[in-house]
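Numbering of the sequence shown is given in this note's numbering, commencing with residue 195 and proceeding in unit increments. Okay, so here's the structure we're looking at.
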Amino acid sequence: MAGAAKALIFLGPPGAGKGTQAKRIAKELGVPHLSTGDMLREAVANGTALGKQAKPIMDRGDLVPDSIVLGMVEERLQRPDCGNGFIFDGFPRTLPQAEELDRILVRRGFGNPLVIEFQVAEDTLIKRVSGRWSCPVGGETYNVYERAPKVPGICDVDGGKLVQRNDDRPEIVKERFAAYARQTMPLSQYYRKRGVLKAIDGGLGVDDVTRTLNGILNVAGA
Ligand SMILES: [Zn+2]
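The structure is reproduced here in structure tokens:
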């Protein structure tokens with residue numbers, strides 16, 4: 195990726211497929227796929243200074259403040275595996291986080307990020323997420339719109355009775371989408387104004403989205 199942005203940020207609502215794509219692209223580029231949830235768990239497990247601050251807050255079930263999260267991000271970016279770049283998936287979520295992340299990226303010599311916004315129509319998203327059912331016996335997953343089981347409600351493999359996560363019910367998905375839009379709209383406007391945002395159609399099939407991303411990243415690296 196000579197000359198290209200090293201810091202990739204994937205923005206998109208729950209169900210937009212950014213986690214799947216982040217995994218694929220991270221593997222292709224040989225760079226780490228970073229999530230702040232993993233960073234927090236690791237810092238706590240390793241007993242770092244920030245991990246010690248975060249632990250009681252997490253134990254109480256409270257939200258870890260930005261100062262601690264961003265401190266962990268800055269520490270993480272100094273590890274050698276980030277030297278060729280990295281992908282943030284699900285971070286930043288708010289404008290203050292984005293602004294502080296920008297300062298960290300400059301301070302650590304990564305320059306401007308390249309932000310990919312996964313745009314997906316609300317009804318597509320609701321179908322994708324609310325169609326998800328899983329088998330409590332063997333963990334198989336189905337989607338009634340895309341990969342339906344042969345017998346409705348029954349696992350093809352072991353006959354388990356399929357269940358739906360409470361979070362995946364249509365009315366909850368609508369709420370999550372609205373919350374995402376409220377919180378993240380200012381973020382995409384901020385990045386768009388800075389000229390570092392590329393929007394892609396996240397409603398396409400998984401392989402088509404990967405192809406689109408490869409096109410953008412190759413062009414950016416040329
Ligand atoms: Zn099963």
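For each residue, glycine too, the CB sits at the ideal point set by N, CA and C. Everything numeric in this text was worked out from a predicted model, so none of it was measured.
Original post:
Are E268 and R302 closer than 9 Å when you measure CB to CB?
Top reply: Start at 1 with the first residue of the sequence shown, and residue 268 comes out as number 74. Start at 1 with the first residue of the sequence shown, and residue 302 comes out as number 108. Yes.
Original post:
How many whole angstroms separate the CB atoms of L257 and I298, which I take to be in contact at a CB cut-off of 8 Å?
Top reply: Your numbering for residue 257 matches position 63 in the sequence shown. Your numbering for residue 298 matches position 104 in the sequence shown. Not a contact, Cβ separation roughly 20 Å.
**OP:** Please go through the same chain and pick out, in chain order, the residues whose beta-carbon is closer than 7 Å to the beta-carbon of G255, but skip the five residues on each side of it.
**Re:** The residue given as residue 255 occupies position 61 in the sequence shown. None.
**OP:** Tell me whether V351 counts as near ligand 1, meaning its Cβ is closer than 8 Å to at least one heavy atom of that ligand.
**Re:** Your numbering for residue 351 matches position 157 in the sequence shown. The closest heavy atom of ligand 1 lies less than 8 Å from the beta carbon of V351.
Original post:
Can you name the residues that DSSP bridges to D361?
Top reply: The residue you call residue 361 lines up with position 167 of the sequence shown. Paired residue(s): none; D361 is not in a bridge.
**OP:** Check the C-beta distance from V400 over to G211 and give it rounded, since I have them as a contact under 8 Å.
**Re:** Walking along the sequence shown from the start, residue 400 turns up at place 206. Walking along the sequence shown from the start, residue 211 turns up at place 17. Distance from V400 to G211 at the Cβ level is roughly 6 Å; contact confirmed, criterion being Cβ atoms closer than 8 Å.
Subject >> Cβ-Cβ distance between L411 and L223 below 9 Å >> reply: To locate residue 411, count along the sequence shown from 1; it is residue 217. To locate residue 223, count along the sequence shown from 1; it is residue 29. Here L411 is near L223, since their CB atoms are less than 9 Å apart.
Subject >> Per DSSP, cross-strand counterpart(s) of Q313 >> reply: Within the sequence shown, numbered from 1, the residue matching residue 313 stands at position 119. BP columns for Q313 point to D395.
Subject >> Straight-line Cα distance separating G245 from K355 >> reply: Here residue 355 refers to the residue found at position 161 when the sequence shown is read from its first residue. Here residue 245 refers to the residue found at position 51 when the sequence shown is read from its first residue. Straight-line Cα distance between these residues: approximately 40 Å.
**OP:** Return the CA-CA distance between E369 and P208, expressed in angstroms with no decimal places.
**Re:** Here the question's residue 369 lines up with position 175 in the sequence shown. Here the question's residue 208 lines up with position 14 in the sequence shown. Those two C-alpha atoms are separated by around 11 Å.
Subject >> From F204, G284, G277 and K200, residue whose alpha carbon lies closest to that of M233 >> reply: Within the sequence shown, numbered from 1, the residue matching residue 233 stands at position 39. With distances taken between Cα atoms, M233 lies closest to G284.
**OP:** Please confirm if the region 381-397 is in contact with the region 308-326, defined as three or more CB-CB distances below 8 Å between the two stretches.
**Re:** Touching, yes.
Original post:
Considering only C-alpha positions, which residue in the set F280, L228 and Q358 is nearest to K200?
Top reply: By one-based count along the sequence shown, residue 200 stands at place 6. Checking every option, the nearest Cα to that of K200 belongs to F280.
**OP:** For A375, count neighbouring Cβ atoms within 10 angstroms of its own Cβ and tell me buried if that reaches 16, exposed if not.
**Re:** For the purposes of this step, residue 375 is identified with residue 181 of the sequence shown, where counting begins at 1. So A375 counts as exposed.
Subject >> Beta-carbon spacing of R326, T335 below 9 Å >> reply: For the purposes of this step, residue 326 is taken as residue 132 along the sequence shown, with counting starting at 1. For the purposes of this step, residue 335 is taken as residue 141 along the sequence shown, with counting starting at 1. A contact, by the Cβ cut-off of 9 Å.
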